[in-house]
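S.K.:
Residue numbers (the numbering used here), protein chains in the order written: chain E, 4 to 401; chain F, 704 to 805.
As structure tokens, then:
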């Protein structure tokens with residue numbers, strides 16, 4: 004999942020300022036992606052603990068299930084987030100008691116981190132990697148209330164009474180987008196729109212740059228729909244991509260399992276993973292599922308989008324792209340190859356989309372990014388002593 | 704059509720026709736041709752509308768019937784399961800109820 008990405012950039016910047024930074028995760032492979040000096044604290048349970056072992060296998064399988072539309076939100080909470088957070092909670096508490104951090108940063112969907120922070124009375128900030136979820140509060144409040152009910156249920160089970168969600172910190176909630184892209188909505192002051200935080204990430208994925216440079220057809224587009232869907236869905240989706248763009252005068256970089264089809268069109272370059280941030284400067288447009296990270300990374304490069312939202316909050320992210328006039332949206336269930344072809348040529352040939360994408364980029368740059376986020380985090384770690392500021396002012400102004 | 708709505712109570716059939724035209728506007732005429740939109744159609748499963756399409760449909764309902772019904776309030780009171788199962792008929796009935804309570 005891309006939720007880890009902004010914290011990798013934030014962590015790199017924090018380490019650069021001399022802080023000690025550790026990541027709590029279930030995923031041992033995260034070690035390879037951490038910035039230099041970052042520590043990985045793995046949530047691990049005793050081999051004998053059958054219940055926990057079963058949960059681990061369950062979580063591994065469940066995340067690959069096909070879901071779409073509003074129903075996917077029910078699935079996400081009931082089948083993934085609540086079990087995952089319940090599973091991780093004990094491990095997080097144990098790790099925090101040993102590591103004793105000054106500040107905890109929890110992803111807004113990893114509320115076990117926030118619950119643990121509250122239980123141990125450690126200040127925490129929340130990292131909002133899917134800001135469209137906030138916007139959904141306004142559009143369909145029934146969904147938001149239902150989500151809060153699920154979170155509060157788990158909180159009560161884990162020892163926090165009351166019916167207010169602690170998932171997002173009232174001290175500091177970092178939202179990785181700009182006000183311009185997010186849209187109008189009145190929110191409390193602790194929501195800080197710092198823009199996307201994408202710098203200083205480890206480049207992990209090798210890429211056939213030679214083949215890429217040899218691709219002589221312009222424009223160049225990237226097609227990526229994330230990793231969590233199963234074979235038959237992907238086959239149907241990429242089948243349409245091939246039909247739409249196979250014979251077009253464009254170069255197409257596709258993020259997919261290459262074995263999905265025996266042959267791919269000559270103007271396609273297919274890799275299971277690509278170094279997206281390194282690739283974006285050479286592209287002209289991106290076709291994606293409306294995941295917040297990919298959308299923001301694309302707009303950070305001032306490129307237009309074709310968004311085909313599949314599940315979760317992606318529909319709302321797509322809504323923001325349309326509202327900002329920086330792309331075209333297609334319905335995942337209904338679109339045919341011809342619609343994709345038209346949409347791609349539309350965003351490539353009408354300069355208004357690119358101009359709008361560049362306005363979003365500008366708003367991202369103005370939001371401050373990692374430096375602003377870190378200033379806010381440092382303030383949270385070491386609040387000025389009570390009365391200290393007033394005393395200083397007196398000294399200077401009298 | 705707007706004049707009629709402000710003066711007369713719409714029949715069940717008239718409301719159905721108006722709502723169908725809003726669905727067509729939201730998802731596009733060429734797709735609707737292949738679809739069988741009935742009163743029993745659910746927005747999520749049958750019409751395969753995602754949340755942003757449901758929001759834009761509800762905006763059309765709001766701006767058309769705005770003064771006469773509290774559609775936003777009604778929709779807001781629905782929890783996730785109710786939204787997932789929401790059918791065209793539920794909205795038709797709600798609008799009819801609002802009309803007859805005047």
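All residues carry an ideal CB built from backbone N, CA and C; glycine is no exception.
Note that this is a predicted model, so its numbers are computed, not measured.
(1) Just checking: is the beta-carbon of residue 686(F) within a distance shorter than 9 Å of some beta-carbon in chain E?
(2) Excluding the 5 residues preceding and the 5 following residue 715(F) in the sequence, name in chain order all residues of the same chain whose CB lies nearer than 8 Å to its CB.
(3) Going residue by residue through the region 133-210 of chain E, where are the continuous beta strand (DSSP E) segments of at least 3 residues, counting only ones entirely within it?
(4) Identify whether residue 807(F) lies in helix, strand or coil by the three-state DSSP scheme.
(5) Exposed or buried, what is residue 708(F) when buried is set at 16 or more other beta-carbons lying within 10 Å of its beta-carbon?
(6) Would a C-beta distance cut-off of 9 Å place residue 154(E) and residue 76(E) closer than the cut-off?
(7) What's the gap between the Cα of residue 353(E) and the Cα of residue 766(F)?
(8) Residue 334(E) touches chain F at which residues, Cβ-Cβ below 9 Å?
(9) Any beta carbon of chain F sitting closer than 9 Å to that of residue 328(E)?
(10) Taking only beta-carbon positions, decide if residue 166(E) is within less than 9 Å of chain F.
(11) To the nearest whole angstrom, what separates the beta carbons of residue 331(E) and residue 363(E), a pair I think is in contact under 8 Å?
(12) Take the Cβ of residue 720(F) as the centre, count every other Cβ of all protein chains shown within 10 Å, and call the residue buried at 16 or more, exposed below.
(13) In chain order, what residues of the same chain have a beta carbon less than 6 Å from the beta carbon of residue 172(E), not counting five sequence neighbours either side?
(14) Tell me, please, whether the CB atom of residue 739(F) is closer than 9 Å to any CB atom in chain E?
(15) With DSSP as the reference, label residue 333(E) as helix, strand or coil.
(16) Report yes or no: do three or more beta-carbon pairs, one from the region 280-289 of chain E and one from the region 259-272 of chain E, lie closer than 8 Å?
(17) Could you spell out the range, first to last residue, of the alpha helix (DSSP H) harbouring residue 256(E)?
(18) Would you mind working out which of 142(E), 150(E) and 227(E) sits nearest residue 753(F), comparing C-alpha positions?
(19) Would a check of beta-carbon distances place residue 321(E) closer than 9 Å to chain F?
(20) Check whether the Cβ of residue 747(F) lies closer than 9 Å to any Cβ atom in chain E.
(21) Chain F partners of residue 74(E), CB-CB under 7 Å?
(22) Give every residue of the same chain whose Cβ lies closer than 6 Å to the Cβ of residue 244(E), excluding the five residues on either side of it in the sequence, and list them in chain order.
(23) Where does residue 818(F) sit, in a helix, a strand or coil, going by DSSP?
(24) Taking Cβ positions only, does residue 188(E) come closer than 9 Å to chain F?
(25) Give the residues from the region 764-784 of chain F that approach chain E closer than 8 Å (Cβ to any Cβ), ordered along the chain.
(26) In chain order, what residues of the region 302-318 of chain E put their CB closer than 7 Å to some CB of chain F?
(27) Three-state secondary structure (DSSP) at residue 39(E)?
(28) Taking the C-alpha atoms as reference points, what is the distance between residue 199(E) and residue 31(E)?
(29) Per DSSP, residue 110(E) is paired with what?
(30) Check the Cβ-Cβ distances between residue 794(F) and every residue of chain E, and say whether any is below 9 Å.
(31) Tell me the start and end of each unbroken beta strand (DSSP E) in the region 232-292 of chain E that is at least 3 residues and wholly inside, in chain order.
(32) Under 7 Å between beta-carbons, which chain F residues line up against residue 82(E)? List them in chain order, please.
(33) Taking DSSP as the reference, what is the three-state secondary structure of residue 95(E)?
(34) Alpha carbon to alpha carbon, how far is residue 216(E) from residue 253(E)? Give it in angstroms, no decimals.
(35) Since residue 294(E) meets chain F, which of its residues come closer than 8 Å, beta carbon to beta carbon?
(36) Using beta carbons (cut-off 9 Å, strictly below), is residue 143(E) in contact with chain F?
M.R.: According to the data block:
(1) With chain F covering only 704 through 805, there is no way to say anything about residue 686(F).
(2) 795 and 799
(3) 176-178 and 194-196
(4) Not covered by the structure: residue 807(F). The range shown for chain F is 704 to 805.
(5) The pLDDT assigned to residue 708(F) is 48, lower than 50, so where the model puts this residue is not dependable, and the model offers no usable value.
(6) Result no, Cβ atoms of residue 154(E) and residue 76(E) do not sit closer than 9 Å.
(7) 31 Å
(8) 730, 731, 734, 751, 752, 753 and 756
(9) Judged by the 9 Å Cβ criterion, residue 328(E) is not in contact with chain F.
(10) no
(11) With 8 Å as the limit, residue 331(E) and residue 363(E) do not qualify as a contact, their Cβ atoms being about 15 Å apart.
(12) exposed
(13) Contacts found: 127, 128 and 129.
(14) Judged by the 9 Å Cβ criterion, residue 739(F) is not in contact with chain E.
(15) DSSP places residue 333(E) outside both helix and strand once states are collapsed to three, so it counts as coil.
(16) no
(17) Residue 256(E) -> not in any alpha helix (DSSP H); beta strand (DSSP E) instead, spanning 254-258.
(18) 142(E)
(19) Interface annotation, residue 321(E): in contact with chain F, CB-CB separation under 9 Å.
(20) yes
(21) 747 and 787
(22) 226
(23) In the structure as shown, chain F starts at 704 and stops at 805, and residue 818(F) therefore has no counterpart that could be examined.
(24) no
(25) 778, 779, 780, 781, 782, 783 and 784
(26) Closer than 7 Å at the C-beta level to chain F, one finds these residues of the region 302-318 of chain E: 312 and 318.
(27) coil
(28) 26 Å
(29) Per DSSP, the beta-bridge partners of residue 110(E) are 130(E).
(30) no
(31) 254-258, 271-274 and 288-291
(32) None at all; the shortest Cβ gap to chain F is about 13 Å.
(33) helix
(34) 13 Å
(35) Residues of chain F passing the Cβ test: none, with the nearest at roughly 14 Å.
(36) yes
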